[in-house]
Amino acid sequence: DAKTTQPTSMDCAEGRAANLPCNHSTISGNEYVYWYRQIHSQGPQYIIHGLKNNETNEMASLIITEDRKSSTLILPHATLRDTAVYYCIVRDNNNNAGNMLTFGGGTRLMVKP
Amino acid sequence: DTAVSQTPKYLVTQMGNDKSIKCEQNLGHDTMYWYKQDSKKFLKIMFSYNNKELIINETVPNRFSPKSPDKAHLNLHINSLELGDSAVYFCASTYSGRFSYNEQFFGPGTRLTVL
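So the protein lines, in turn, are chains A and B.
Just so we're aligned, residue 64 is where the first sequence starts under the numbering used here, counting upward by one.
Just so we're aligned, residue 195 is where the second sequence starts under the numbering used here, counting upward by one.
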């Protein structure tokens, strides 16, 4: 699986949009971009994923650049409960034995009142 | 209606002991996993298991062994516990069918402390 690069930490004001970047410059054509988050003392939680089109669900939006070398996770109206570590992961769903996830260091998002 | 549950939540034990952590999922998934999160908060895959194959991360010592009595359970057995085994262990599950998103659902974690 390709590696990802994320900022170590970010702050966001409550109620504002949180934009979390991720670089995956070595991503291959079959690899998807997944986002998970881990709230303190809990297990990781799936947020969203995409291949090349932008995606939106009830939790967030995922913007993937046209060359697919980077992406941005957007939390449109961040709340204090969104404070967590956010992980960007790339994975080939078609050729990943066991569909295992390889977590990097993630971005620690602190939402402040 | 917990989707993925683990027991116990906390486990404190002495070096050299053998212990087990249990995991159950009620989502009808066909693949289960164990992850380890160490004190530096890095999450590492240990095992992936479905009814067809067990995939082991090559860095996992053979003192660790997953055992699956049925599709809904994947227990983790650890022999001869060492200080370095202290960590939070997470179980996860997914449906790995052809049209699946392969979204993984994680349990709440088991904090293991080896003294």
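Just so you know, even glycine gets a beta-carbon here, dropped at the ideal spot from N, CA and C.
- Excluding residues up to 5 positions away in sequence, 273 lie with their Cβ nearer than 6 Å to the Cβ of residue 212 (chain B) in the same chain.
- Identification of chain A residues near residue 272 (chain B) by a Cβ-Cβ cut-off of 7 Å yields none; the smallest Cβ-Cβ distance measures about 19 Å.
- Residue 167 (chain A) carries a coil assignment under DSSP once its states are collapsed to helix, strand and coil.
- With a 10 Å radius around the Cβ and a threshold of 16 neighbouring Cβ atoms, residue 252 (chain B) comes out exposed.
- If you compare the alpha carbons of A:141, A:67, A:96, A:88 with that of residue 176 (chain A), the shortest gap goes to A:141.
- Among the CB atoms of chain A, one or more fall inside 7 Å of the CB of residue 302 (chain B).
- For residue 165 (chain A), the chain B residues whose Cβ falls inside 8 Å of its Cβ are 239, in order along the chain.
- In terms of beta-carbon proximity, residue 284 (chain B) lines the interface with chain A, with at least one pair separated by less than 7 Å.
- Along the stretch 93 to 123 of chain A, the positions whose C-beta sits under 9 Å from a C-beta of chain B are 95, 97, 99, 101, 104, 105, 106, 107, 108, 109, 112, read in chain order.
- The stretch 241 to 289 of chain B is shown to contain whole beta strand (DSSP E) runs of 3 or more residues at 248 to 250, 258 to 264, 267 to 272, 281 to 288, in chain order.
- For residue 144 (chain A), the secondary structure class from DSSP, reduced to helix, strand or coil, is helix.
- The beta carbon of residue 214 (chain B) is closer than 6 Å to those of 269, 271 in its chain, skipping five residues each way along the sequence.
- In terms of Cα proximity to residue 241 (chain B), the closest of B:219, B:232, B:258, B:266 is B:258.
- At least 7 Å separates the CB of residue 233 (chain B) from every CB of chain A.
- Residues of chain B with a Cβ closer than 7 Å to the Cβ of residue 86 (chain A) do not exist; the shortest Cβ-Cβ separation is about 19 Å.
- For residue 162 (chain A), the residues of chain B that pass the 9 Å Cβ criterion are 225, 227, 242, 288, 290, 294, 296, 298, in the order they occur in the chain.
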